[in-house]
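Remarks on the structure that follows.
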Amino acid sequence: MSVTKAVIPAAGWGTRFLPVSKVVPKEALPIIDTPVIQYAIEEAAKAGITQVILVTSQNKRAVEDYFDRSHELEALLEGKGDEKRLAEMRRVMGLVEIHAVRQRQQLGLGHAVLTARRLVGNEPFAVFLPDDVVVSKKPAIAQLMAVFERRKGSVLAVTPVPESEVSRYGVIEGTKAGARTYRLKRLVEKPRREDAPSNLAVIGRYVLTPEIFEELERVKPGAIGEIQLTDAIDGLIKRQPVFAVELEGELYDAGTPLGLLKASVAEALRRPEMAGDLRHWLRGRLRG
Ligand code: UTP
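Residues 1109 to 1396, numbered by the numbering used here, are exactly what the sequence shown covers, in order.
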């Protein structure tokens, strides 16, 4: 069965972006001129996903509005004859079909995924954490979907991190099942450096079988009262084969101010209309 639906949890508070996230959802913050969340939507569409379920909260109207039509703006651009911008706005709107569902209380990532259960139904689905921006030839989620189709089990994305940083991530223990693929034995959330079973950290892309919902129902809220997706995946590993794939591509953590800045600079250096100027300016700053 192919994967055509994706869940994008975007209901978190985004405290690392305070003060701006008090009024602008972090998913709407721009990489130059494009909201961070659009990167996930473009990646989904490229991989053949047709329906996206956005999990939002009270002050995320801007994210929902972004994918809605703006008749006034379209009329304005039409009047000005700005065909290029008009076409781009319409292209973004047509990438996927978007449904939004409210997570009424921010009870954690696992709870956010569970909130989408009715809209996902009984089929495998993708999960994107929009903070993780992946720039790659083959869309990151398509790299997971290829493993899912071959192995018929849930798949998580991982990337190697320096040993000194493992305690910031969920880390996998697994056996090698292919060049970049592992079969999981367990997941360890934020291990101490000396206890980490590997340096392969989980990042925000998943393809999950619908049995994850049963596991999420079973998970007890953890120390800070949150329902963790990691705990449910640990439960799933005991029932079904679960895999991890080492992603190919450049990774940016746009969930922190510095990560967003790096993603923005990298994007600017890819754009011919600004790369030369930026490079020149950066060289000057770095010399000074
Ligand atoms: P984070 O751990 O990054 O939390 O959530 P956050 O609230 O977004 O940001 P900080 O840490 O306060 O700065 C990981 C993902 O899970 C979603 C977030 O929107 C993000 O995509 N999430 C988290 C929810 O949708 N609901 C929750 O209750 C918690």
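Even for Gly, the Cβ is constructed at its ideal location relative to N, Cα and C.
Hey, quick one: how far does the alpha helix (DSSP H) through residue i stretch, first residue to last?
i            : result
residue 1385 : 1380-1395
residue 1323 : 1319-1326
residue 1218 : 1217-1223
residue 1256 : 1248-1259
residue 1173 : 1169-1174
residue 1073 : This structure does not reach residue 1073, given that the chain is present from 1109 up to 1396, and the question cannot be answered.
residue 1266 : It is not in any alpha helix (DSSP H) - residue 1266 instead sits in the beta strand (DSSP E) that spans 1262-1268.
residue 1342 : 1337-1345
residue 1148 : 1144-1154
residue 1187 : 1179-1188
Please list the terminal residues of the continuous beta strand (DSSP E) segment that includes residue i.
i            : result
residue 1159 : 1159-1164
residue 1116 : 1113-1117
residue 1359 : 1358-1361
residue 1206 : 1205-1210
residue 1274 : That residue, residue 1274, is in no beta strand (DSSP E); it is neither H nor E in DSSP.
residue 1352 : 1350-1354
residue 1240 : 1240-1243
Can you tell me the Cβ-Cβ gap for residue i and residue j, rounded? I've got them flagged as a contact below 8 Å.
i            : j            : result
residue 1286 : residue 1293 : About 16 Å separates the two Cβ atoms, so there is no contact after all.
residue 1151 : residue 1249 : 6 Å
residue 1377 : residue 1387 : 7 Å
residue 1315 : residue 1252 : 5 Å
residue 1235 : residue 1255 : With a Cβ gap of about 15 Å, residue 1235 and residue 1255 do not count as contacting.
residue 1209 : residue 1163 : 6 Å
residue 1327 : residue 1278 : With a Cβ gap of about 14 Å, residue 1327 and residue 1278 do not count as contacting.
residue 1218 : residue 1324 : 5 Å
residue 1112 : residue 1159 : 6 Å
residue 1271 : residue 1300 : Their Cβ separation, rounded to whole angstroms, is 11 Å, which puts residue 1271 and residue 1300 out of contact at 8 Å.
residue 1381 : residue 1238 : Not confirmed; about 26 Å, so no contact.
residue 1357 : residue 1244 : 3 Å
residue 1185 : residue 1193 : 5 Å
residue 1262 : residue 1359 : So it is not a contact: roughly 21 Å between Cβ atoms.
residue 1295 : residue 1341 : 6 Å
residue 1308 : residue 1352 : 7 Å
Buried or exposed: where does residue i fall if 16 or more other Cβ atoms within 10 Å of its Cβ makes it buried?
i            : result
residue 1213 : exposed
residue 1265 : buried
residue 1312 : buried
residue 1332 : exposed
residue 1289 : buried
residue 1189 : exposed
residue 1139 : buried
residue 1128 : exposed
residue 1375 : buried
Please name the residue or residues paired with residue i in a DSSP beta bridge.
i            : result
residue 1124 : Looking at the DSSP assignment, residue 1124 forms no beta bridge with any residue, so it has no partner.
residue 1279 : 1296 and 1309
residue 1137 : According to DSSP, residue 1137 bridges with nothing at all.
residue 1284 : 1290
residue 1316 : 1233
residue 1371 : For residue 1371, which the question treats as bridged, DSSP gives no partner whatsoever.
residue 1132 : Note: residue 1132 sits in no beta bridge, so no partner.
Name the residue from the options whose alpha carbon lies nearest to the alpha carbon of residue i.
i            : options                   : result
residue 1226 : 1111, 1374, 1161 and 1326 : 1161
residue 1146 : 1173, 1358, 1318 and 1273 : 1173
residue 1241 : 1396, 1363 and 1171       : 1363
residue 1275 : 1306, 1197 and 1253       : 1306
residue 1319 : 1349, 1159 and 1116       : 1349
residue 1322 : 1334, 1339 and 1308       : 1339
residue 1334 : 1343, 1385 and 1216       : 1216
residue 1176 : 1199, 1186 and 1154       : 1199
residue 1223 : 1337, 1263, 1344 and 1153 : 1337
residue 1195 : 1205, 1181, 1207 and 1206 : 1181
residue 1206 : 1125, 1273, 1148 and 1262 : 1148
residue 1169 : 1183, 1368, 1190 and 1131 : 1131
residue 1426 : 1291, 1297 and 1233       : Outside the modelled stretch of the chain, which goes from 1109 to 1396, sits residue 1426, for which no answer is possible.
residue 1118 : 1183, 1144 and 1191       : 1144
residue 1126 : 1179, 1365, 1373 and 1392 : 1365
residue 1178 : 1190, 1187, 1191 and 1197 : 1197
residue 1346 : 1291, 1297, 1396 and 1383 : 1291
residue 1246 : 1153, 1110 and 1352       : 1153
residue 1123 : 1133, 1116, 1114 and 1367 : 1133
residue 1260 : 1373, 1157, 1317 and 1297 : 1317
residue 1330 : 1297, 1367, 1353 and 1303 : 1297
residue 1372 : 1110, 1116, 1114 and 1142 : 1142
Please tell me whether residue i has its Cβ less than 8 Å away from any Cβ of chain D.
i            : result
residue 1289 : The structure shown contains no chain D; it is built from a single protein chain.
Taking 7 Å as the cut-off, does the CB of residue i come closer than this to any heavy atom belonging to the ligand GDP?
i            : result
residue 1123 : Among the ligands modelled here, namely the ligand UTP, the ligand GDP does not occur.
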